[in-house]
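In my numbering, the protein residues as written are 72 to 337.
We treat Cβ as the ideally placed atom computed from N, Cα and C, and that holds for glycine.
If you want it as structure tokens, here you go:
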């Protein structure tokens with residue numbers, strides 16, 4: 072089986088499942104997001120270990136669940152604060168010379184993916200159930216559209232490297248195509264979804280620009296970590312696609328940017 076066919080056979084049912092869970096909303100969507108977040112954290116912790124900046128093996132997951140559940144369940148925020156105090160105190164009195172780097176990498180591994188994915192949950196909570204669903208799926212299509220068109224556009228027309236020391240194959244031309252791809256993703260969802268839209272196309276346009284701007288930064292950040300860890304993929308958990316961090320790297324920064332924008336206009 073060719074790698075391209077394998078990618079399609081995995082991506083199609085995964086995309087359908089994601090859309091269906093987003094439509095179900097509530098805890099169905101939240102549980103899926105929590106599962107994806109924990110898997111991204113698992114991969115990120117391994118990459119940080121490979122990059123010689125090891126994090127704590129337990130606290131990142133605790134911090135992640137704290138971020139994702141603190142607004143949903145009673146006393147989760149208070150329990151998270153206690154864990155925070157415990158971890159910082161332990162690292163403060165640690166005799167290891169790596170205690171400060173470990174402190175930094177643990178907070179990064181514990182908060183980076185959860186904050187990004189929490190933003191997706193918060194976007195899903197905007198307005199009515201249909202409003203949140205449309206905005207969530209539209210953001211995902213913006214990011215995927217930008218990523219796909221940036222890849223093909225960069226491959227066909229790319230000449231000027233965007234960040235040669237981080238990802239030599241990424242180009243400014245590809246980035247420009249990414250903005251077009253994000254716009255196409257927005258238009259696809261806007262005209263295909265058979266529902267009243269919560270915002271006009273003009274109001275959604277800045278969201279598409281933000282997705283195409285911050286998505287590549289998330290992609291480059293993961294590339295930088297993988298390069299330091301000497302890893303091609305974040306894992307092999309998704310056949311033909313690498314890992315969950317590989318698939319959601321752009322969304323981890325695009326979602327917070329989109330949420331902040333939507334919070335001010337919705």
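Cβ-based neighbour list, residue 109, same chain, cut-off 7 Å, excluding 5 preceding and 5 following: The sequence position of residue 109 within the chain shown is 38, counting from 1. Scanning its chain for C-beta atoms nearer than 7 Å, with the 5 sequence neighbours on each side dropped, one finds around residue 109 the residues 132, 135, in chain order.
Start-to-end residues for the alpha helix (DSSP H) that takes in residue 306: As a working note, residue 306 is residue 235 in the chain shown. Bounds of any alpha helix (DSSP H) do not take in residue 306, whose DSSP letter is neither H nor E.
Reduced DSSP category for residue 200 - H, G, I as helix; E, B as strand; rest coil: Taking the chain shown and counting its residues from 1, one reaches residue 200 at position 129. Judged by DSSP in its simplified three-state form, residue 200 adopts helix.
Pairwise C-alpha distance: residue 333 and residue 274: Indexing the chain shown from 1 puts residue 274 at position 203. Indexing the chain shown from 1 puts residue 333 at position 262. Rounded to whole angstroms, residue 274 and residue 333 show a C-alpha spacing of 9 Å.
Residues sharing a beta bridge with residue 133, DSSP: Along the chain shown, one-based indexing puts residue 133 at 62. Answer is none; residue 133 lacks a bridge partner.
Rounded distance between the beta-carbons of residue 187 and residue 327, thought under 8 Å: As a working mapping, residue 327 is identified with position 256 in the chain shown. As a working mapping, residue 187 is identified with position 116 in the chain shown. Yes, residue 327 and residue 187 are in contact; Cβ-Cβ is about 6 Å, under 8 Å.
Start and end residues, alpha helix (DSSP H) containing residue 253: Locating residue 253 in the chain shown gives position 182, counting from the first residue. It spans 243-263 - the alpha helix (DSSP H) in which residue 253 sits, taken as one unbroken run.
Bounding residues of the alpha helix (DSSP H) (the contiguous stretch that carries residue 144): Your numbering for residue 144 matches position 73 in the chain shown. Neither: residue 144 is in no alpha helix (DSSP H) and is coded neither H nor E.
At least three beta-carbon pairs within less than 8 Å, the region 152-163 to the region 103-119: Proximity of the region 152-163 to the region 103-119 falls short of the contact definition, fewer than three beta-carbon pairs being nearer than 8 Å.
Proximity winner among 146, 302, 285, relative to residue 330 (alpha-carbon distances): Residue mapping note: residue 330 aligns to position 259 of the chain shown, counting from 1. It is 285.
Local Cβ density within 10 Å of residue 97, reported as buried at 16 or more and exposed below that: In the chain shown, residue 97 corresponds to position 26, counting from 1. Classification for residue 97: exposed.
Buried or exposed (CB count within 10 angstroms, at least 16 for buried), residue 93: If you number the chain shown from 1, residue 93 lands on position 22. It counts as buried.
Residue environment, residue 303, which counts as buried when at least 16 other CB atoms sit within 10 Å: Counting from one through the chain shown, the residue named residue 303 turns up at place 232. Its Cβ having fewer than 16 others within 10 Å, residue 303 is exposed.
Cβ neighbour criterion (16 or more within 10 Å) applied to residue 190: On the chain shown, residue 190 is found 119 positions in, with the first residue counted as 1. Residue 190 comes out buried.
Run of the beta strand (DSSP E) containing residue 232, from where it starts to where it stops: Indexing the chain shown from 1 puts residue 232 at position 161. Per DSSP, residue 232 is one residue of the beta strand (DSSP E) stretching across 232-234.
Alpha-carbon to alpha-carbon, residue 148 and residue 261: As a first step, residue 261 must be located in the chain shown, where it is residue number 190. As a first step, residue 148 must be located in the chain shown, where it is residue number 77. Looking at the backbone, the Cα of residue 261 and that of residue 148 are separated by about 37 Å.
C-beta contact flag for residue 226 and residue 233 at 8 Å: The count along the chain shown starts at 1 and reaches residue 226 at position 155. The count along the chain shown starts at 1 and reaches residue 233 at position 162. Inclusion of residue 226 and residue 233 in the CB contact set at 8 Å is not warranted, their separation being larger than that value.
Residues sharing a beta bridge with residue 238, DSSP: Along the chain shown, one-based indexing puts residue 238 at 167. Under DSSP, residue 238 shares a beta bridge with 234.
Nearest candidate by alpha-carbon position, reference residue 318, set 245, 218, 255: Stepping through the chain shown from its first residue, residue 318 is reached at position 247. Out of 245, 218, 255, 218 has the C-alpha closest to the C-alpha of residue 318.
Contacting residues, own chain, Cβ-Cβ under 6 Å from residue 124 (five flanking each side not counted): Position 53 of the chain shown, counted from the start, is the residue given in the question as residue 124. Counting only Cβ-Cβ distances below 6 Å, and skipping sequence neighbours, we find 172, 176.
Alpha helix (DSSP H) segment containing residue 317, residue limits: Within the chain shown, residue 317 is the residue found at index 246, counting from 1. Here the alpha helix (DSSP H) through residue 317 covers 315-319.
Helix, strand or coil at residue 270 [DSSP, three-state]: Taking the chain shown and counting its residues from 1, the one referred to as residue 270 is at position 199. Residue state, collapsed to three classes: coil.
Status (buried if at least 16 other CB within 10 Å, exposed otherwise) for residue 138: Counting from one through the chain shown, the residue named residue 138 turns up at place 67. Flag for residue 138 reads buried.
Exposed unless 16 or more other CB atoms sit within 10 angstroms - verdict on residue 253: Locating residue 253 in the chain shown gives position 182, counting from the first residue. A residue is called buried when at least 16 other Cβ atoms come within 10 angstroms of its Cβ; residue 253 meets this threshold and is buried.
Three CB pairs or more closer than 8 Å across the region 242-251 and the region 288-306: No contact exists between the region 242-251 and the region 288-306.
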